[in-house]
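In my numbering, the protein residues as written are 185 to 683.
Each residue gets a CB set at the ideal place from its N, CA and C atoms; glycine is no exception.
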Ligand code: MV4
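Right, here's the structure in full:
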């Protein structure tokens with residue numbers, strides 16, 4: 185029985201895991217780098233252990249330091265969260281070798297699904313639809329040219345070890361293929377140390393639709409329906425939702441069943457995500473498996489009522505799934521907007537610094553998974569995600585309105601965030617009509633990257649609020665109300681007071 189969980193992660197996901205531990209009566213141990221000594225997850229965990237200097241390679245990514253600290257803490261399990269070591273098979277193996285339960289898949293299944301070529305061969309053999317193209321990469325250029333002719337243009341050249349689209353080259357005619365292959369090889373060699381490439385049919389304006397799956401160690405595997413994740417900027421998701429406006433019950437069932445087949449064929453256990461591309465004719469193609477809990481898991485939790493992190497812990501405890509496929513329903517609509525500390529008016533450069541004012545939205549159908557607090561200093565060493573706003577309502581239209589309203593009242597002062605950009609997406613007519621694709625942001629960048637002056641909360645109001653909010657200035661600072669003035673919050677909407 186797991187009694188203490190070590191969490192070598194940070195920010196909102198560490199806070200999220202700590203909350204699940206608390207609800208299960210399990211002691212949580214926060215691992216933190218020297219840069220995170222004052223972070224929220226360190227403050228709310230039952231215990232905390234420093235694991236190294238600020239650079240991730242010397243702390244959150246340092247397998248020796250993490251395993252050593254986990255053993256010293258007396259933990260019997262490790263929840264890796266997402267990012268850092270979450271999909272590192274050597275780390276998962278090291279945990280097992282040191283008698284620590286890794287809350288995630290086995291190292292063997294992690295290795296299989298982590299190898300994009302091997303996993304494509306495995307799932308194709310099981311009848312899972314993959315993108316038409318080369319099943320296994322060939323090294324000589326002439327075989328790639330022959331294959332491209334068979335596939336038919338446009339084709340896409342991809343790096344075998346690629347991730348996040350690095351090295352991808354769209355080729356519309358044969359005369360361009362050779363130079364594109366060479367370009368892709370150069371990029372792949374420098375980025376991944378491996379210049380193996382392959383070619384497949386280019387799917388124009390696809391949607392990214394993924395299926396949440398979860399499997400125990402007793403042969404049970406289920407899916408928790410889909411998430412639409414097409415709103416991405418440079419392969420970074422910014423808005424996710426469930427259900428997808430693009431699929432009906434028939435496609436939902438087929439994609440879900442296919443995802444479960446992938447899980448069973450690869451021997452995958454615990455929570456994972458099977459990614460698909462959906463083309464404009466609603467055909468879906470297997471992309472890859474993400475062997476971790478995803479940033480966007482809360483949208484699935486809301487429409488199914490299932491706590492995915494708790495279920496992960498139960499499975500790691502050797503328990504069977506708490507539900508059968510027949511018992512899982514999806515009701516309503518959930519939308520997640522990721523709040524990044526980036527300046528959308530300066531090409532999304534990171535915006536670290538002190539949060540002088542924080543008012544997180546509250547109200548019916550509003551969840552904020554947050555890793556920040558008023559007065560917190562956002563460090564510059566790590567991924568700039570601050571929090572996630574997840575809203576729920578009975579229909580997509582209502583959920584969009586709720587997301588827009590909640591986001592409009594989400595106040596983070598002292599640093600820049602992408603909230604103005606997210607508001608632009610939420611009010612864009614093509615988003616509201618559900619016409620999404622992975623090129624959405626690129627297609628509408630003119631409108632999405634423009635920020636009308638009249639819509640900005642005047643800095644004076646923020647500064648005034650900074651005076652007003654006692655937590656930012658000490659208990660005796662006169663507030664606006666005490667001075668007989670309407671507080672900025674009297675005029676802008678409902679907030680939870682973080683004091
Ligand atoms: C594709 C594609 C179109 N056709 N493959 C991008 C990174 C990796 N996840 C796979 N990606 C794509 N593969 C074919 N044959 C378009 C993309 C793609 C994409 C996919 C999912 C989410 C966002 C994307 C953004 C750009 C391109």
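*In its own chain, which residues sit with a C-beta less than 6 Å from the C-beta of residue 200, not counting the 5 before and 5 after it?*
553
_Let me make sure I understand the geometry here. Which of 526, 234, 190 and 458 has the alpha-carbon closest to that of residue 567?_
526
_N- and C-terminal bounds of the alpha helix (DSSP H) containing residue 302_ = 300-309
*Could you say which of 222, 503, 487 and 215 lies nearest to residue 233 if we only look at CA atoms?*
215
*Can you tell me which of 580, 353, 541 and 301 puts its alpha carbon nearest to the alpha carbon of residue 561?*
541
*asked:* Looking at the ligand MV4, does it come within less than 7 Å of residue 315, judged from the CB to the closest heavy atom?
replied: yes
*Alpha-carbon to alpha-carbon, residue 572 and residue 136*: Outside the displayed span of the chain (185 to 683) sits residue 136, for which this structure offers no information.
*If we count the other Cβ atoms within 10 Å of its Cβ and call it buried at 16 or more, is residue 125 buried or exposed?*
Any answer about residue 125 is impossible in this case: the structure gives the chain only from 185 up to 683.
*Sufficient close CB pairs (3 or more, under 8 Å) joining the region 627-639 to the region 437-445*: no
*Below 8 Å, can you find three or more Cβ-Cβ pairs linking the region 302-314 to the region 272-290?*
no
*Starting from residue 273, follow the alpha helix (DSSP H) in both directions and report where the run begins and ends.*
273-281
*asked:* Quick check on residue 434: does DSSP put it in helix, strand or coil?
replied: helix
*Taking residue 396 as the reference, which of 323, 495 and 374 has the closest Cα?*
495
_Length of the line joining the Cα atoms of residue 126 and residue 501_ = Nothing about residue 126 can be reported from this structure: the residues present for the chain run from 185 to 683 only.
_Tell me the rounded alpha-carbon separation between residue 390 and residue 268._
28 Å
*Extent of the continuous alpha helix (DSSP H) to which residue 255 belongs*: 247-257
*Short check: CB of residue 412 to CB of residue 428, under 8 Å?*
yes
*asked:* Closest to residue 409 by C-alpha separation, out of 417, 457 and 388, would be which residue?
replied: 457
*Do you know offhand how far residue 312's Cα is from residue 532's?*
38 Å
*My guess is that residue 522 and residue 479 are in contact by the Cβ rule of under 8 Å, so how many angstroms apart are they, rounded?*
7 Å
*DSSP bridge partner residues for residue 562 (one or two, in chain order)*: 537
*Cβ shell of residue 139 (< 7 Å), same chain only, five flanking positions each side left out*: The displayed coordinates of the chain run from 185 to 683. Any statement about residue 139 would go beyond what the structure contains.
*Going by DSSP, what residues sit across from residue 521 in a beta bridge?*
423 and 573
*Please list the segments of the beta strand (DSSP E) lying wholly inside the region 465-518, counting only runs of 3 or more residues, in order along the chain.*
468-474
*So who's on the other strand from residue 232, going by DSSP bridges?*
214
*asked:* Could you check whether the Cβ of residue 453 sits closer than 7 Å to any heavy atom belonging to the ligand MV4?
replied: no
*Residue nearest to residue 621 in terms of C-alpha spacing, selected from 485, 228 and 414*: 414
*Below 7 Å CB to CB, which residues in the same chain sit around residue 319 once its five sequence neighbours on both sides are set aside?*
304, 305 and 308
*asked:* What does the alpha-carbon distance come out to for the pair residue 314 and residue 359?
replied: 26 Å
*Cα separation between residue 231 and residue 514?*
36 Å
*asked:* Helix, strand or coil, according to DSSP, for residue 654 in the structure here?
replied: For residue 654, the predicted structure reports a pLDDT of 42, less than 50, and the residue's modelled location is therefore unreliable. The matter cannot be settled from this model.
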